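Q: Numbering (our numbering), first residue to last: 5 to 150. Each residue gets a CB set at the ideal place from its N, CA and C atoms; glycine is no exception. Remember, it's a predicted structure, so these values are computed and weren't measured experimentally.
As C-alpha cells, this is what we get:
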C-alpha cells in the first residue's frame, strides 16, 4: 500500500502539536522508509537547552539509530516547516532521498541562503498541508506575543 504525502505530514503535524504542548516552537518531522515511519521528532531546543535540537535533527538521529546506519539514502523526511540551513546540511550529509515540507520559512529557511536550491540531490516537495503547518506556527507566536 503506497501512502501519500498528506498522510505522513499529518504524523509530522502531530509531532509539531506535541512540541506546541511542551512550549517548543511547533515543528515536527518524521522519517519514512518503505511506507513505514521509522523515526519521529519535534523541536526540543528549549527542553534540552540546545540550539541544534531541531525536529529534523531529532528525526534523523532516530532514523540512523533505527537503521543502524548513518545514511538514509532510501528515506523520505517529512517536516512541517522548511528546514533551516543547519538542518538542510544534515539532510544532505545523511543522504536523505526525498524532503517534503509544509510551510515555507521566509526568515530562516534554507532557501533564503541558497537562492531557493536545496544543497543536495534530494528531491524536494513543498507546500504539503502548508496552511495547517503555518497556522500552528502563527498560533504559537501570537500567544507568545501576548
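Using three-state DSSP, classify residue 131 as helix, strand or coil.
A: What you label residue 131 is simply residue 127 of the chain shown in a count that begins at 1. Reduced to three states, the DSSP call for residue 131 is coil.
Q: Going by alpha carbons, who is nearest to residue 53 out of 69, 21, 102, 28?
A: Position 49 of the chain shown, counted from the start, is the residue given in the question as residue 53. When each option's Cα is compared against that of residue 53, the closest is 28.
Q: Please list the terminal residues of the continuous beta strand (DSSP E) segment that includes residue 75.
A: Position 71 of the chain shown holds residue 75. Careful: residue 75 lies outside any beta strand (DSSP E) and carries neither H nor E.
Q: Under the rule that 16 or more other beta-carbon atoms within 10 Å means buried, what is residue 69, buried or exposed?
A: Residue mapping note: residue 69 aligns to position 65 of the chain shown, counting from 1. Looking at its Cβ environment, which holds fewer than 16 other Cβ atoms inside 10 Å, residue 69 is exposed.
Q: So, with DSSP's three-state summary, where would you put residue 116?
A: Locating residue 116 in the chain shown gives position 112, counting from the first residue. Reduced to three states, the DSSP call for residue 116 is helix.
Q: Taking the straight line between their C-alpha atoms, what separation do you get for residue 43 and residue 91?
A: What you label residue 43 is simply residue 39 of the chain shown in a count that begins at 1. What you label residue 91 is simply residue 87 of the chain shown in a count that begins at 1. In a straight line, the C-alpha of residue 43 is about 16 Å away from that of residue 91.
Q: Measuring straight from C-alpha to C-alpha, what distance separates residue 22 and residue 144?
A: One-based indexing of the chain shown puts residue 22 at position 18. One-based indexing of the chain shown puts residue 144 at position 140. Going by the C-alpha atoms only, they are around 12 Å apart.
Q: When you compare only the Cα positions, how much space is there between residue 78 and residue 94?
A: Indexing the chain shown from 1 puts residue 78 at position 74. Indexing the chain shown from 1 puts residue 94 at position 90. Looking at the two C-alpha atoms, the distance is approximately 15 Å.
Q: Fully enclosed by the stretch 35 to 108, which beta strand (DSSP E) runs are 3 residues long or longer?
A: 40 to 46, 80 to 85, 102 to 107, all fully within the stretch 35 to 108.
Q: Taking 8 Å as the cut-off, decide whether the C-beta atoms of residue 103 and residue 33 are in contact.
A: Position 99 of the chain shown holds residue 103. Position 29 of the chain shown holds residue 33. Going by C-beta atoms, residue 103 is not nearer than 8 Å to residue 33.
Q: Which two residues bound the contiguous alpha helix (DSSP H) that contains residue 126?
A: For this step, residue 126 is matched to residue 122 along the chain shown. Segment: none, residue 126 is in no alpha helix (DSSP H) and carries neither H nor E.
Q: In whole angstroms, give me the CA-to-CA distance for residue 109 and residue 130.
A: Here residue 109 corresponds to residue number 105 of the chain shown, with the count starting at 1. Here residue 130 corresponds to residue number 126 of the chain shown, with the count starting at 1. If I take the Cα positions, the gap works out to 11 Å.
Q: From the DSSP output, read off the bridge partner residues of residue 27.
A: Counting from one through the chain shown, the residue named residue 27 turns up at place 23. According to DSSP, which records beta bridges pairwise, residue 27 is partnered with nothing at all.
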